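Notes to accompany the following structure.
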Amino acid sequence: MIAFIEGKVAEKNPGELIINAGGVGFSLLCSSTTLAAAPGMGESWRCYTVMNVREDAMELFGFATKQEREMFRRLCMVTGVGAKTALGVLSALPLRDLSVAIVTGDVAALSRAPGIGKKTAQRIVLELKDKVEQQDVAAAPGGAPTPAPAGSAQQEAQAALQALGYTSAEAARAINLVRDQADSTDRLIMLALRQMGSL
13 MIAFIEGKVA EKNPGELIIN AGGVGFSLLC SSTTLAAAPG MGESWRCYTV MNVREDAMEL
73 FGFATKQERE MFRRLCMVTG VGAKTALGVL SALPLRDLSV AIVTGDVAAL SRAPGIGKKT
133 AQRIVLELKD KVEQQDVAAA PGGAPTPAPA GSAQQEAQAA LQALGYTSAE AARAINLVRD
193 QADSTDRLIM LALRQMGSL
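So the sequence shown is residues 13 to 211, counted in the numbering used here.
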């Protein structure tokens with residue numbers, strides 16, 4: 013198992029990064045996010061990796077962060093999602109947006125990724141919703157939704173949404189989007205439910 017490769021960037025091609033480590037050029041298949049994060053030619057960089065061995069090929073995938081690598085692994089566990097498709101999803105959606113789309117069940121956002129139809133997007137939500145939690149959204153670039161102040165109408169509205177069956181991540185995300193539109197708990201709940209398509 014190769015956990016990461018550290019060396020100098022030798023080439024940057026569409027979907028591929030070549031790292032020169034100890035005189036060996038490692039070809040890493042990467043998302044557009046990782047390619048954008050990689051430094052210029054000749055500069056040193058550490059790239060986290062996953063090796064995918066098939067009957068007809070051996071591929072090495074590279075990631076700018078451990079969080080992106082973990083999301084790749086999770087996506088590959090979903091029925092009908094292969095390594096190349098998972099990489100396409102990571103290229104189509106920034107990591108934070110992808111995490112939010114999964115926890116909020118945003119099938120439309122997931123369907124925008126190449127090779128992901130509505131049914132596959134629904135499977136991603138179904139199979140990963142319990143695995144992708146608030147800490148994943150917080151760990152991704154952009155951070156988590158701002159926590160509601162203790163004892164506030166926002167906090168009460170968030171608790172009410174959770175009582176209705178929404179996860180803490182879903183409730184926090186919805187309240188965060190509407191918090192400037194109302195002051196009362198009841199109004200915040202109604203606006204949040206509309207935001208999530210439940211009203």
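Note that the Cβ used here is the ideal one computed from N, Cα and C, for glycine as well.
Here the structure is a predicted model, which means the values were calculated and not measured.
{"Item": "Identify, in the order they occur along the chain, each residue of the same chain with its Cβ nearer than 8 Å to the Cβ of Ala172, setting aside the five sequence neighbours on each side.", "Value": "Thr197 and Ile201"}
{"Item": "If I measure Cβ to Cβ from Gln193 and keep anything under 7 Å in the same chain, skipping five residues before and after, which residues do I get?", "Value": "Leu203"}
{"Item": "Would you mind giving the Cβ-Cβ distance between Val21 and Gly54, rounded to the nearest angstrom? I have them listed as a contact below 8 Å.", "Value": "7 Å"}
{"Item": "Quickly, what does DSSP pair Ala33 with across the bridge? List them, please.", "Value": "Val36"}
{"Item": "What are the boundary residues of the alpha helix (DSSP H) that Met202 is part of?", "Value": "Thr197 to Gln207"}
{"Item": "Below 8 Å on the Cβ atoms is my guess for Glu40 versus Arg86; work out the distance and round it to an integer in Å.", "Value": "The amino acid at residue 40 is misidentified as Glu; the sequence shows Leu. That pair is no contact at about 19 Å."}
{"Item": "Which residue wins for smallest C-alpha separation from Pro51, given the options Gly37, Asn64, Ala33 and Ala76?", "Value": "Ala76"}
{"Item": "Locate the alpha helix (DSSP H) running through Thr132, then write down its first and last residues.", "Value": "Lys130 to Leu140"}
{"Item": "CA-CA distance, Ile14 and Gly34?", "Value": "15 Å"}
{"Item": "Is the beta carbon of Thr97 sitting closer than 8 Å to the one on Ile136?", "Value": "no"}
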